[in-house]
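Please read the structure below before turning to the comments.
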Amino acid sequence: MSQLRLGYLYGFGAYALWGFFPAYFKLLKPAGPVEVLAHRIAWSALFMVLVLTAVRRWRQIAALLRKPATVGGIALAAVFIGVNWGTYIYGVNVDRVVETSLGYFINPLVVIVLGVLVLGERLRPAQWAAVGVGTFAVLVLAVDYGHPPWIALILAISFALYGLTKKRLALPPADGLFVESAVLTLPALAVLGWLAFSGDLTFGHVSTGHTLLLAAAGVITAIPLLMFAGAANRIPLTGLGMLQYVAPTLQLALGVFAFHEPMPPARLFGFGLVWLALAVFTWDGLRNARRNRLALATGDATPLAATTRA
1353 MSQLRLGYLY GFGAYALWGF FPAYFKLLKP AGPVEVLAHR IAWSALFMVL VLTAVRRWRQ
1413 IAALLRKPAT VGGIALAAVF IGVNWGTYIY GVNVDRVVET SLGYFINPLV VIVLGVLVLG
1473 ERLRPAQWAA VGVGTFAVLV LAVDYGHPPW IALILAISFA LYGLTKKRLA LPPADGLFVE
1533 SAVLTLPALA VLGWLAFSGD LTFGHVSTGH TLLLAAAGVI TAIPLLMFAG AANRIPLTGL
1593 GMLQYVAPTL QLALGVFAFH EPMPPARLFG FGLVWLALAV FTWDGLRNAR RNRLALATGD
1653 ATPLAATTRA
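Heads up, my numbering is the position in the sequence shown plus 1352, with the first residue counted as 1.
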């Protein structure tokens, strides 16, 4: 099997697993969102200890921990991903899977806005159009819900900030995930201890299957992230960008068809606007990538400079 095909398999596998996360988190009831989040963090850290031991990367981890600025960046990334995980679990628990899918649909548009606000990038006209349509879609959905879609917005913004922080750190995926989990582990263990003291801990008190499912949260979290890393190293960025819509599409299908969440006409219209914005965004990205490839092939630097963002 070629490395390119293997990369696409890894990428599709990662996004498909993320797409079915709502079904997994539904199985963790009666554990509440706070307990589930704490288990996800603690067991992820333990699983990554095993992974790093297997691949013998503790020397690199030790070197990483001697860089205070990098550790501070990882701690910031850990906060962002902790907010993202907690919001997602809460959304699933309160039967708002459709809204969680919206968060990951609009995430690429939030990333564009962050590029402008934080990195000083310039947008092409089609990208401005996509952001405008996406903003209008959020307003339509706010009217439909009777309030802004806070779960979707928090998911999109927190994951975009997490991605921006990780991009600047440029760390190997396994190393970053371990240190992020380690940063959050002490608070997670404190939460689990408090739940045990108050008698609200479900771990070990519901059934053997429930206990095993909570313990599996670490593996469930780490495996798609490692698969994603394998994909990112093998396939073009445009291919990875196309695959990112697999997860929210599966989440939306689960929310509507498996969990029977409502999809009134106004909400469907709002989602339609989001999909239109993403279609414009994707078309522009593919067109720009093609122009860049042609510029490189012909040795003409002018088209390349004119179509890349500053």
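Note that beta-carbon positions come from the ideal geometry of N, C-alpha and C, so glycine has one too. Just so we're clear, the structure is a prediction, and the values are computed from it rather than from any experiment.
Counting along the chain, the unbroken alpha helix (DSSP H) around A1482 starts and ends at P1477 to Y1497. The beta carbon of L1538 sits closer than 7 Å to no other beta carbon from its chain once the five residues preceding and following it are set aside. Excluding the 5 residues flanking it on each side, A1390 has same chain C-beta neighbours closer than 7 Å at A1540, V1543 and L1544, in chain order.
Put simply, the backbone Cα of L1628 is about 11 Å away from that of F1488. C-alpha of H1562 to C-alpha of L1361: approximately 30 Å in a straight line. The criterion of a C-beta distance shorter than 8 Å is satisfied by V1598 and A1368.
Around the beta carbon of T1560, a 10 Å sphere encloses fewer than 16 other beta carbons of the protein chains shown; the residue is thus reported as exposed. D1527 carries a helical assignment under DSSP once its states are collapsed to helix, strand and coil.
Here the alpha carbon of E1451 sits roughly 45 Å from the alpha carbon of T1650. G1582 and F1609 have their C-alpha atoms roughly 31 Å apart.
Take the alpha-carbon of S1510 and the one of N1436: they are about 6 Å apart. Note on geometry: alpha-carbon atoms of G1498 and P1616 lie some 13 Å from one another.
Our two residues, P1588 and I1575, have alpha carbons roughly 21 Å apart in a direct line.
G1424 is positioned such that its CB atom lies no closer than 8 Å to that of L1592.
Collapsing the DSSP output to three states places N1585 in coil. In this structure G1622 is in contact with V1492, their Cβ atoms being roughly 4 Å apart against a cut-off of 8 Å. DSSP, reduced to helix, strand and coil, places K1519 within a helical segment of the structure shown. In this structure, S1533 sits near S1396, with a CB-CB distance shorter than 8 Å. Closest by C-alpha distance to R1476, out of P1382, L1648 and R1639, is R1639.
The continuous alpha helix (DSSP H) containing V1450 extends over residues V1449 to L1469.
The three-state reading of DSSP puts E1387 in helix, counting H, G and I together.
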